[in-house]
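Student: Next up is a structure, given as C-alpha coordinates.
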Amino acid sequence: MELLVEQKHRVLHVTLNRPEKRNALNTAICAELVKVIRATQQQPDVGAILLGANGPVFCAGMDLDEAAGMHDDDVADLHDDLFTIGANSIKPILACVNGAALGGGLGLVAQAHIVVAAQGAVFGLPEVRIGLWPFLVYRAVEAAFGARRTLELSLTGRMFSAHDAQLWGLVHHVCPPAEAADRAKTIAREIAKASPAAIAAGLQYFHASRGKSSKEAGQVAKHLRAGLMKSEDFHEGYEAFKQKRDPVWPGIPHHTDAHRQESGAKPNR
(Lines of atoms letter the chains of each structure in order from A; the text may use other names.)
(Lines give C-alpha, C1' and ligand atoms only; values in the text may rest on other atoms or scores of the structure.)
Protein backbone atom coordinates (compact mmCIF):
# COMPACT_ATOMS: atom_id res chain seq x y z
CA MET A 17 0.00 0.00 0.00
CA GLU A 18 1.47 3.35 -1.05
CA LEU A 19 -0.84 5.30 1.24
CA LEU A 20 -1.68 4.05 4.73
CA VAL A 21 -4.81 5.25 6.50
CA GLU A 22 -5.37 4.53 10.19
CA GLN A 23 -7.69 6.12 12.73
CA LYS A 24 -7.30 6.41 16.48
CA HIS A 25 -8.65 8.90 19.04
CA ARG A 26 -10.60 10.81 16.36
CA VAL A 27 -7.33 11.45 14.49
CA LEU A 28 -6.98 10.07 10.97
CA HIS A 29 -3.33 9.21 10.30
CA VAL A 30 -2.54 9.43 6.58
CA THR A 31 0.96 8.16 5.84
CA LEU A 32 2.92 8.23 2.59
CA ASN A 33 4.38 4.75 2.23
CA ARG A 34 6.65 4.79 -0.80
CA PRO A 35 10.07 5.13 0.84
CA GLU A 36 11.90 3.37 -1.99
CA LYS A 37 10.79 6.27 -4.24
CA ARG A 38 11.40 8.90 -1.55
CA ASN A 39 7.61 9.12 -1.21
CA ALA A 40 7.31 10.82 -4.59
CA LEU A 41 3.72 11.68 -5.47
CA ASN A 42 2.35 9.64 -8.34
CA THR A 43 -1.17 9.92 -9.74
CA ALA A 44 -2.49 7.08 -7.58
CA ILE A 45 -1.26 8.65 -4.33
CA CYS A 46 -2.54 12.11 -5.33
CA ALA A 47 -5.98 10.70 -6.14
CA GLU A 48 -6.15 8.71 -2.91
CA LEU A 49 -5.05 11.69 -0.80
CA VAL A 50 -7.79 13.84 -2.31
CA LYS A 51 -10.35 11.06 -1.87
CA VAL A 52 -9.44 10.40 1.77
CA ILE A 53 -9.32 14.04 2.85
CA ARG A 54 -12.55 14.91 1.06
CA ALA A 55 -14.29 11.95 2.69
CA THR A 56 -13.34 13.15 6.17
CA GLN A 57 -15.28 16.37 5.67
CA GLN A 58 -18.49 14.43 6.27
CA GLN A 59 -17.16 12.03 8.93
CA PRO A 60 -18.12 13.08 12.48
CA ASP A 61 -15.72 10.54 13.99
CA VAL A 62 -12.72 12.37 12.47
CA GLY A 63 -11.62 15.44 14.39
CA ALA A 64 -8.20 15.98 12.80
CA ILE A 65 -6.05 14.65 9.97
CA LEU A 66 -2.35 13.96 10.50
CA LEU A 67 -0.11 13.64 7.44
CA GLY A 68 3.15 11.75 7.83
CA ALA A 69 5.57 9.60 5.87
CA ASN A 70 7.54 6.40 6.26
CA GLY A 71 11.27 6.47 5.55
CA PRO A 72 13.94 9.19 5.83
CA VAL A 73 12.30 11.52 3.26
CA PHE A 74 8.90 13.09 3.84
CA CYS A 75 8.27 13.65 0.13
CA ALA A 76 10.69 14.38 -2.72
CA GLY A 77 7.95 15.95 -4.86
CA MET A 78 6.11 14.73 -7.91
CA ASP A 79 7.05 11.41 -9.49
CA LEU A 80 9.01 12.72 -12.47
CA ASP A 81 9.25 9.31 -14.13
CA GLU A 82 5.47 9.28 -14.36
CA ALA A 83 4.95 13.01 -14.92
CA ALA A 84 7.34 13.21 -17.90
CA GLY A 85 4.87 11.30 -20.07
CA MET A 86 1.70 13.00 -18.87
CA HIS A 87 0.02 16.08 -20.29
CA ASP A 88 -3.59 15.23 -19.50
CA ASP A 89 -5.98 17.93 -18.30
CA ASP A 90 -7.47 15.45 -15.84
CA VAL A 91 -4.07 15.05 -14.18
CA ALA A 92 -3.68 18.83 -13.97
CA ASP A 93 -7.10 19.04 -12.33
CA LEU A 94 -6.12 16.32 -9.86
CA HIS A 95 -2.98 18.21 -8.87
CA ASP A 96 -5.00 21.39 -8.47
CA ASP A 97 -7.43 19.52 -6.22
CA LEU A 98 -4.56 18.19 -4.09
CA PHE A 99 -2.71 21.45 -3.65
CA THR A 100 -5.82 23.41 -2.72
CA ILE A 101 -7.35 20.82 -0.42
CA GLY A 102 -6.17 22.51 2.76
CA ALA A 103 -7.90 25.74 1.74
CA ASN A 104 -11.20 23.88 1.39
CA SER A 105 -11.02 21.65 4.46
CA ILE A 106 -13.20 22.15 7.53
CA LYS A 107 -11.18 19.46 9.30
CA PRO A 108 -7.80 20.59 10.68
CA ILE A 109 -4.87 19.11 8.79
CA LEU A 110 -1.53 18.62 10.55
CA ALA A 111 1.76 17.51 9.02
CA CYS A 112 4.67 15.80 10.72
CA VAL A 113 7.83 16.32 8.65
CA ASN A 114 10.72 14.08 9.62
CA GLY A 115 12.87 14.50 6.52
CA ALA A 116 13.06 16.43 3.24
CA ALA A 117 9.91 18.03 1.80
CA LEU A 118 10.70 19.26 -1.70
CA GLY A 119 8.62 20.62 -4.56
CA GLY A 120 5.28 18.86 -4.37
CA GLY A 121 6.25 17.68 -0.90
CA LEU A 122 6.51 21.29 0.23
CA GLY A 123 3.18 21.96 -1.45
CA LEU A 124 1.66 19.11 0.54
CA VAL A 125 3.07 20.49 3.80
CA ALA A 126 1.63 23.89 2.87
CA GLN A 127 -1.85 22.32 2.89
CA ALA A 128 -1.52 21.69 6.62
CA HIS A 129 -2.93 24.12 9.15
CA ILE A 130 -0.32 23.09 11.73
CA VAL A 131 3.15 21.73 10.93
CA VAL A 132 5.56 19.89 13.23
CA ALA A 133 9.07 19.42 11.84
CA ALA A 134 12.03 17.49 13.11
CA GLN A 135 15.35 19.23 13.58
CA GLY A 136 17.26 18.40 10.42
CA ALA A 137 14.21 18.44 8.15
CA VAL A 138 14.81 20.46 4.99
CA PHE A 139 12.49 22.13 2.53
CA GLY A 140 12.84 23.56 -0.95
CA LEU A 141 11.46 24.30 -4.40
CA PRO A 142 14.23 22.86 -6.60
CA GLU A 143 12.23 22.75 -9.85
CA VAL A 144 14.38 25.33 -11.68
CA ARG A 145 17.35 22.99 -11.37
CA ILE A 146 15.66 20.47 -13.68
CA GLY A 147 14.07 22.94 -16.09
CA LEU A 148 10.70 23.34 -14.39
CA TRP A 149 8.87 25.92 -12.29
CA PRO A 150 6.78 25.10 -9.19
CA PHE A 151 3.50 26.05 -10.84
CA LEU A 152 1.52 23.31 -9.08
CA VAL A 153 2.38 24.38 -5.54
CA TYR A 154 3.23 28.05 -6.01
CA ARG A 155 0.04 29.59 -4.65
CA ALA A 156 -0.09 27.21 -1.68
CA VAL A 157 3.50 28.02 -0.72
CA GLU A 158 2.88 31.73 -1.33
CA ALA A 159 -0.02 31.63 1.14
CA ALA A 160 2.44 30.44 3.80
CA PHE A 161 5.52 32.50 2.94
CA GLY A 162 4.26 35.57 1.13
CA ALA A 163 4.90 36.65 -2.45
CA ARG A 164 8.52 37.79 -2.37
CA ARG A 165 9.85 34.95 -0.21
CA THR A 166 8.17 32.39 -2.46
CA LEU A 167 9.59 34.03 -5.56
CA GLU A 168 13.11 34.04 -4.10
CA LEU A 169 12.88 30.37 -3.12
CA SER A 170 11.54 29.48 -6.57
CA LEU A 171 14.22 31.43 -8.43
CA THR A 172 17.14 30.05 -6.43
CA GLY A 173 15.87 26.52 -5.82
CA ARG A 174 17.81 26.58 -2.55
CA MET A 175 17.12 24.35 0.41
CA PHE A 176 16.18 25.80 3.77
CA SER A 177 16.01 24.40 7.28
CA ALA A 178 13.12 23.64 9.62
CA HIS A 179 14.18 26.63 11.72
CA ASP A 180 14.00 28.91 8.66
CA ALA A 181 10.59 27.44 7.81
CA GLN A 182 9.47 28.22 11.36
CA LEU A 183 10.84 31.76 11.18
CA TRP A 184 8.99 32.35 7.90
CA GLY A 185 5.67 30.99 9.15
CA LEU A 186 5.29 27.54 7.58
CA VAL A 187 6.38 25.40 10.55
CA HIS A 188 4.92 25.85 14.03
CA HIS A 189 6.96 23.41 16.11
CA VAL A 190 10.55 22.18 15.66
CA CYS A 191 11.70 19.32 17.88
CA PRO A 192 14.22 16.45 17.99
CA PRO A 193 13.50 13.73 15.40
CA ALA A 194 12.63 11.15 18.05
CA GLU A 195 9.96 13.47 19.47
CA ALA A 196 8.35 14.84 16.31
CA ALA A 197 5.75 12.10 15.78
CA ASP A 198 4.60 12.12 19.40
CA ARG A 199 4.40 15.91 19.43
CA ALA A 200 2.26 15.92 16.29
CA LYS A 201 -0.03 13.19 17.63
CA THR A 202 -0.48 15.02 20.93
CA ILE A 203 -1.46 18.25 19.18
CA ALA A 204 -3.83 16.42 16.83
CA ARG A 205 -5.56 14.65 19.72
CA GLU A 206 -5.98 17.89 21.65
CA ILE A 207 -7.55 19.57 18.62
CA ALA A 208 -9.82 16.56 18.09
CA LYS A 209 -11.24 17.06 21.60
CA ALA A 210 -12.55 20.52 20.71
CA SER A 211 -16.00 21.38 19.38
CA PRO A 212 -16.34 20.09 15.80
CA ALA A 213 -18.74 22.91 14.98
CA ALA A 214 -16.37 25.57 16.32
CA ILE A 215 -13.39 24.07 14.48
CA ALA A 216 -15.34 23.92 11.21
CA ALA A 217 -16.56 27.50 11.57
CA GLY A 218 -13.08 28.70 12.49
CA LEU A 219 -11.50 27.11 9.42
CA GLN A 220 -14.27 28.47 7.22
CA TYR A 221 -13.54 31.93 8.59
CA PHE A 222 -9.78 31.51 8.14
CA HIS A 223 -10.19 30.57 4.48
CA ALA A 224 -13.07 32.90 3.58
CA SER A 225 -11.67 36.04 5.23
CA ARG A 226 -8.21 35.93 3.64
CA GLY A 227 -7.72 38.81 1.25
CA LYS A 228 -10.94 40.50 2.28
CA SER A 229 -11.30 43.94 3.79
CA SER A 230 -11.98 44.27 7.51
CA LYS A 231 -15.62 45.05 6.77
CA GLU A 232 -16.03 42.02 4.51
CA ALA A 233 -14.26 39.76 7.00
CA GLY A 234 -16.51 41.13 9.72
CA GLN A 235 -19.59 40.10 7.76
CA VAL A 236 -18.21 36.58 7.37
CA ALA A 237 -17.51 36.44 11.11
CA LYS A 238 -20.98 37.75 11.95
CA HIS A 239 -22.65 35.02 9.89
CA LEU A 240 -20.51 32.20 11.26
CA ARG A 241 -20.78 33.38 14.86
CA ALA A 242 -24.56 33.57 14.62
CA GLY A 243 -24.65 29.97 13.46
CA LEU A 244 -22.39 28.82 16.28
CA MET A 245 -24.42 30.61 18.93
CA LYS A 246 -27.45 28.59 17.83
CA SER A 247 -25.58 25.29 17.60
CA GLU A 248 -25.92 22.25 19.82
CA ASP A 249 -22.16 22.40 20.37
CA PHE A 250 -22.37 25.85 21.94
CA HIS A 251 -25.30 24.80 24.12
CA GLU A 252 -23.37 21.74 25.33
CA GLY A 253 -20.13 23.69 25.78
CA TYR A 254 -21.86 26.39 27.81
CA GLU A 255 -23.64 23.85 30.02
CA ALA A 256 -20.40 21.92 30.56
CA PHE A 257 -18.62 25.15 31.48
CA LYS A 258 -21.26 26.02 34.07
CA GLN A 259 -21.22 22.48 35.48
CA LYS A 260 -17.40 22.33 35.51
CA ARG A 261 -17.26 19.16 33.44
CA ASP A 262 -15.86 18.11 30.08
CA PRO A 263 -18.28 18.67 27.20
CA VAL A 264 -19.75 15.73 25.31
CA TRP A 265 -20.13 17.06 21.79
CA PRO A 266 -23.35 16.08 20.01
CA GLY A 267 -22.96 14.12 16.80
CA ILE A 268 -19.68 12.41 17.70
CA PRO A 269 -20.04 8.60 17.72
CA HIS A 270 -19.23 7.03 21.09
CA HIS A 271 -16.89 4.48 19.51
CA THR A 272 -14.38 7.05 18.26
CA ASP A 273 -11.62 5.96 20.63
CA ALA A 274 -11.58 2.59 18.91
CA HIS A 275 -8.63 1.86 16.68
CA ARG A 276 -9.61 1.57 13.02
CA GLN A 277 -7.02 0.62 10.41
CA GLU A 278 -8.03 0.89 6.78
CA SER A 279 -4.92 -0.45 5.07
CA GLY A 280 -3.06 -3.69 4.96
CA ALA A 281 0.03 -2.47 6.78
CA LYS A 282 0.67 -0.41 9.86
CA PRO A 283 2.73 2.77 9.43
CA ASN A 284 5.94 3.18 11.38
CA ARG A 285 5.59 6.09 13.76
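Note that the sequence shown covers residues 17 to 285 in the numbering used here.
For glycine and all other residues, C-beta sits at the position ideal for the given N, C-alpha and C.
Since the model is a prediction, treat every value here as computed from it, not as a measurement.
How would you label E245, buried or exposed, when you count the other beta carbons within 10 angstroms and need 16 or more for buried?
Tutor: As a working mapping, residue 245 is identified with position 229 in the sequence shown. Glu is not the amino acid found at residue 245; the sequence shown has Met there. Label assigned to M245: exposed.
Student: Checking contacts by CB at 9 Å: is A224 closer than that to chain E?
Tutor: In the structure shown, chain E does not exist; there is a single protein chain.
Student: Please tell me whether, using a cut-off of 8 Å, the distance from the CB of A256 to the nearest non-hydrogen atom of the ligand COA is below it.
Tutor: In the structure on display, the ligand COA does not appear, and there are no ligands present to speak of.
Student: Using the Cα positions of F74 and L240, report the straight-line distance between them to the nearest angstrom.
Tutor: For the purposes of this step, residue 74 is identified with residue 58 of the sequence shown, where counting begins at 1. For the purposes of this step, residue 240 is identified with residue 224 of the sequence shown, where counting begins at 1. Their backbone Cα atoms lie some 36 Å apart in a straight line.
Student: Do L41 and G121 have their C-beta atoms within less than 9 Å of each other?
Tutor: Position 25 of the sequence shown, counted from the first residue, corresponds to residue 41. Position 105 of the sequence shown, counted from the first residue, corresponds to residue 121. In contact: L41 and G121 (Cβ atoms closer than 9 Å).
Student: I'd like to know whether the C-beta atoms of F222 and V153 end up nearer to each other than 9 Å.
Tutor: Here residue 222 corresponds to residue number 206 of the sequence shown, with the count starting at 1. Here residue 153 corresponds to residue number 137 of the sequence shown, with the count starting at 1. No, these two residues do not count as a Cβ contact at 9 Å.
Student: Tell me A176's beta-bridge partners as DSSP assigns them.
Tutor: Locating residue 176 in the sequence shown gives position 160, counting from the first residue. This sequence places Phe at residue 176; Ala is not what is there. Note: F176 sits in a beta bridge opposite F139.
Student: CB Q127 to CB A156, shorter than 9 Å?
Tutor: Within the sequence shown, the letter at position 111 stands for residue 127. Within the sequence shown, the letter at position 140 stands for residue 156. Result yes, Cβ atoms of Q127 and A156 sit closer than 9 Å.
Student: With contact counted as at least three CB pairs below 8 Å, one residue from each stretch, are the region 88-107 and the region 132-149 in contact?
Tutor: no
Student: Determine the extent of the alpha helix (DSSP H) in which A83 is found, giving its start and end residues.
Tutor: The residue given as residue 83 occupies position 67 in the sequence shown. First-last of the alpha helix (DSSP H) with A83: L80 to A83.
Student: Could you say if the region 53-72 and the region 24-36 meet the contact criterion of at least three C-beta pairs nearer than 8 Å?
Tutor: Short answer: they touch.
Student: By DSSP, does I287 sit in helix, in strand, or in coil?
Tutor: Nothing can be reported for residue 287, as the shown portion of the chain is limited to 17 through 285.
Student: Which value, in whole angstroms, describes the spacing of the CA atoms of Q59 and P108?
Tutor: Within the sequence shown, the letter at position 43 stands for residue 59. Within the sequence shown, the letter at position 92 stands for residue 108. When the Cα atoms are used, Q59 and P108 turn out to be separated by approximately 13 Å.
Student: Exposed or buried, what is V21 when buried is set at 16 or more other beta-carbons lying within 10 Å of its beta-carbon?
Tutor: Counted from its first residue, the sequence shown places residue 21 at position 5. With 16 or more Cβ atoms within 10 Å of its Cβ, V21 is classed as buried.
Student: Excluding the 5 residues flanking I207 on each side, which residues of the same chain have their C-beta closer than 6 Å to its C-beta?
Tutor: Residue mapping note: residue 207 aligns to position 191 of the sequence shown, counting from 1. Excluding sequence neighbours, I207 sits near A64 and P108.
Student: Counting Cβ pairs, one atom from each stretch, are 3 or more of them under 8 Å apart for the region 263-270 and the region 211-230?
Tutor: yes
Student: What did DSSP end up calling E22 once you bin it into helix, strand or coil?
Tutor: Translated into positions along the sequence shown, residue 22 becomes position 6. Three-state DSSP puts E22 in a strand.
Student: Rank N70, T56, A47 and Q23 by C-alpha distance to the C-alpha of R34 and give the top, closest one.
Tutor: The sequence position of residue 34 within the sequence shown is 18, counting from 1. Comparing Cα positions, the closest option is N70.
Student: Would you report the Cα separation of S105 and I130, rounded to the nearest angstrom?
Tutor: For the purposes of this step, residue 105 is taken as the residue at position 89 of the sequence shown. For the purposes of this step, residue 130 is taken as the residue at position 114 of the sequence shown. Taking the straight line from one Cα to the other gives about 13 Å.
Student: At what residues does the alpha helix (DSSP H) containing C46 begin and finish?
Tutor: One-based indexing of the sequence shown puts residue 46 at position 30. Per DSSP, C46 belongs to the alpha helix (DSSP H) from T43 to T56.
Student: Per DSSP, V132 is paired with what?
Tutor: As a first step, residue 132 is located in the sequence shown; it is residue number 116 there, counting from the start. Paired residue(s): C112 and H189.
Student: Assuming A111 and F139 are in contact, meaning their beta carbons sit under 8 Å apart, how far apart are those beta carbons, in whole angstroms?
Tutor: Position 95 of the sequence shown holds residue 111. Position 123 of the sequence shown holds residue 139. Contact flag wrong, Cβ pair sits at about 11 Å.
Student: Looking at the secondary structure, which residues open and close the alpha helix (DSSP H) in which A69 lies?
Tutor: Mapped onto the sequence shown, residue 69 falls at position 53. Per DSSP, A69 lies in no alpha helix (DSSP H) segment; the continuous beta strand (DSSP E) that holds it begins and ends at A64 to A69.
Student: Which one or two residues does DSSP pair with T202 in a beta bridge?
Tutor: Taking the first residue of the sequence shown as position 1, residue 202 is located at position 186. Paired residue(s): none; T202 is not in a bridge.
Student: Here's a check: name, in chain order, each residue in its chain whose Cβ is nearer than 8 Å to the Cβ of V50, leaving out the five neighbours to either side.
Tutor: Here residue 50 is taken as the residue at index 34 of the sequence shown, counted from 1. Excluding sequence neighbours, V50 sits near L94, D97, L98 and I101.
Student: Residue range of the beta strand (DSSP E) that L28 falls in?
Tutor: Within the sequence shown, numbered from 1, the residue matching residue 28 stands at position 12. Here the beta strand (DSSP E) through L28 covers V27 to L32.
Student: Distance check for E248 and Q259, CA to CA, integer angstroms please.
Tutor: The count along the sequence shown starts at 1 and reaches residue 259 at position 243. The count along the sequence shown starts at 1 and reaches residue 248 at position 232. Rounded to whole angstroms, Q259 to E248 spans 16 Å at the Cα level.
Student: Around the Cβ of E168, are there at least 16 other Cβ atoms within 10 angstroms (buried) or fewer (exposed)?
Tutor: Within the sequence shown, residue 168 is the residue found at index 152, counting from 1. By the neighbour-count rule (16 or more Cβ atoms within 10 Å), E168 is not buried but exposed.
Student: Find the nearest neighbour of R38 within the set A55, E48 and D81, judged by alpha-carbon distance.
Tutor: As a position in the sequence shown, residue 38 is number 22, starting the count at 1. When each option's Cα is compared against that of R38, the closest is D81.
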